[in-house]
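Colleague: Counting in my numbering, the sequence shown runs from 668 upward without gaps.
First the structure, which I've put down as C-alpha cells, then a few questions once you've had a look.
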Amino acid sequence: MCFSSPLQNDSHKYYNSTILTKPTEAMKYWVDIDKMPYVTLHPMLSKSRRRAAPVKLNFEFPFYGHPIKNIRILTRGFLYLGYTVDNWLSVFRNIASLKAASDTRLNESSKIKYAKNSTVFVVQWENVAIKKLPQEFLTFQVSLFPNGDIVFVYKDLPISFNDLQDTHHPVKVGLSDVYVISGPGFFIRKKTIYEYRIKEDGKEKIRNNTAIYFTALPTCITLKDCESCSVGIPGLDCEWRESTGRCFDGLDRLKGEWLAKNCDTEAKKNSCLASTNRSTVTRNATSTFSTYPSTVRAEIMRQD
C-alpha cells in the first residue's frame, strides 16, 4: 500500500474504506456537534466504565445492508448494532471508531455526546482517557449516514495505537457483523463473523486530525423485488426466494430464516428474469492502492 499518499483505500465486499491522513481533507468530516440542534450530553456514559446507552435513530441505517433503527453507544468507543442485547454479540456486531479500555471516570472533563437528525447521526467521545494512560486524552467521532456510509474522525489522538494496546482489551478499529445459525444439537450453534478491521500498518497512520471513510456498497438485501434481484449486483450472487420475499446472497444475519424456509434447496425461478439490456446496479469502482479480503470466520460455539 502506498503510504506516501494522503488517501489509502481498502476494498471489501460490503464497504470500501479510505484512510485520510491529510488534515485538510480529514477534518472536513469533523462535525461541530455543539452547534447541532438537540445535542445530548449523556451523563451516565460521561462518568462510567463499560456502560451502554440505547438511542433510536431518525432514519433507517443500512448496516451490511440490514436496516437498523436502534443502536447502543458504549463508553469504550464503539456502537453496538444488534437487534437484541447480547454480550458476546456486542464483540462482533459493532462499529468501532476506537474500541479500547477507555474509562470516562478518569478525567473530569470526559464527555460522551450525540446528535441526530434526518441526515446524520453523530457520536463524540471527548477528552476520554484509557486505564493504561490516564494522562492522555482522546477526542474522536463517528458519523452514520442514511446511505450506509460511516466516517471515523480523530481530532485528538496524541499517542500511537501501539501505545494504546492493552493485554486484556486490544484496540480495534473497523466494522464487524455476525450471523448465528442453530445447529443440529440443542446446545450447539454456528456463528459466522464478517470483519472489516483496519490492519496494524494502517492503524499507525491514524493520529491527530485523520479520518477513515467507509463507503457502503450495494447489497442483495437492498433489492426489494424479484426483477431487480434477478438483475443482481456485479460481484454478488443475488437470488430471490418467494418464501421469504427477499433477495439474498447466501451470507447475512438472516441466513437462519433462509435455511428454516428451505431456501437453500428451493428451485431458482426464472419467471422474473430481466431482459439482458436492462441496466445493473453498479458498485463503487474507485481505484485502490491495495485490496484486502474481508476477514470471514466460521466457528462452532457451545451455548452456556
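Note that the Cβ used here is the ideal one computed from N, Cα and C, for glycine as well.
Please report how far the alpha carbon of residue 840 lies from the alpha carbon of residue 870, in whole angstroms.
Modeller: The residue given as residue 840 occupies position 173 in the sequence shown. The residue given as residue 870 occupies position 203 in the sequence shown. The straight-line gap from Cα to Cα measures roughly 8 Å.
Colleague: Could you check where the beta strand (DSSP E) with residue 898 kicks off and where it finishes?
Modeller: Residue mapping note: residue 898 aligns to position 231 of the sequence shown, counting from 1. Residue 898 -> not in any beta strand (DSSP E); alpha helix (DSSP H) instead, spanning 893-898.
Colleague: Spatial neighbours of residue 719 within its chain, please: CB distance less than 6 Å, with the 5 preceding and 5 following residues excluded, ordered by chain position.
Modeller: Counted from its first residue, the sequence shown places residue 719 at position 52. 739 and 741, listed in sequence order.
Colleague: Here's the rule I'm using: 16 or more other beta-carbon atoms within 10 Å means buried, otherwise exposed. How should residue 776 be labelled?
Modeller: On the sequence shown, position 109 is the one that residue 776 refers to. Counting Cβ neighbours within 10 Å, residue 776 comes out exposed, since fewer than 16 surround it.
Colleague: Taking contact to mean at least 3 C-beta pairs separated by less than 8 Å, is the region 717-736 in contact with the region 693-706?
Modeller: The answer is no - the region 693-706 does not touch the region 717-736, with fewer than three Cβ pairs under 8 Å.
Colleague: Taking 8 Å as the threshold, find out whether the region 869-884 comes into contact with the region 814-834 through three or more Cβ pairs.
Modeller: The region 869-884 vs the region 814-834: in contact.
Colleague: Use the C-beta contact count for residue 906: other C-beta atoms within 10 angstroms, 16 or more gives buried, fewer gives exposed.
Modeller: As a first step, residue 906 is located in the sequence shown; it is residue number 239 there, counting from the start. So residue 906 ends up on the buried side.
Colleague: Where does residue 727 land, buried or exposed, given buried means 16+ other C-beta within 10 angstroms?
Modeller: The sequence position of residue 727 within the sequence shown is 60, counting from 1. Exposed, by the Cβ-count rule.
Colleague: Quick one: what's got a C-beta closer than 7 Å to residue 826's C-beta in the same chain, skipping five residues either side?
Modeller: Taking the sequence shown and counting its residues from 1, one reaches residue 826 at position 159. Only 800 and 803 meet the Cβ criterion.
Colleague: Can you give me the Cβ contacts of residue 706 inside the same chain, cut-off strictly under 7 Å, excluding the 5 residues immediately before and after it?
Modeller: Indexing the sequence shown from 1 puts residue 706 at position 39. Only 700, 780 and 782 meet the Cβ criterion.
Colleague: Hey, residue 789 and residue 810 are a contact pair by Cβ (cut 8 Å); roughly how many whole angstroms apart?
Modeller: Residue 789 sits at position 122 when you count from the first residue of the sequence shown. Residue 810 sits at position 143 when you count from the first residue of the sequence shown. About 5 Å; that satisfies the 8 Å criterion.
Colleague: What residues are listed by DSSP as bridge partners for residue 778?
Modeller: Against the sequence shown, residue 778 aligns to sequence position 111. Per DSSP, 793.
Colleague: Drop a sphere of 10 angstroms on the beta-carbon of residue 830, count the other beta-carbons inside from all chains shown, and report buried for 16 or more, exposed for fewer.
Modeller: Numbered from its first residue, the sequence shown carries residue 830 at position 163. Residue 830 is exposed by the Cβ-count criterion.
Colleague: Taking a contact to mean a Cβ-Cβ separation below 8 Å, would you say residue 877 touches residue 693 in this structure?
Modeller: In the sequence shown, the residue the question calls residue 877 occupies position 210. In the sequence shown, the residue the question calls residue 693 occupies position 26. A contact, by the Cβ cut-off of 8 Å.
Colleague: Round the Cβ separation of residue 684 and residue 812 to the nearest angstrom and send it over; I've been treating them as touching at under 8 Å.
Modeller: Position 17 of the sequence shown, counting from 1, holds the residue named residue 684. Position 145 of the sequence shown, counting from 1, holds the residue named residue 812. With 8 Å as the limit, residue 684 and residue 812 do not qualify as a contact, their Cβ atoms being about 15 Å apart.
Colleague: Please classify residue 843: is it buried, with 16 or more other beta-carbons within 10 angstroms of its beta-carbon, or exposed?
Modeller: Translated into the one-based positions of the sequence shown, residue 843 becomes position 176. So residue 843 ends up on the buried side.
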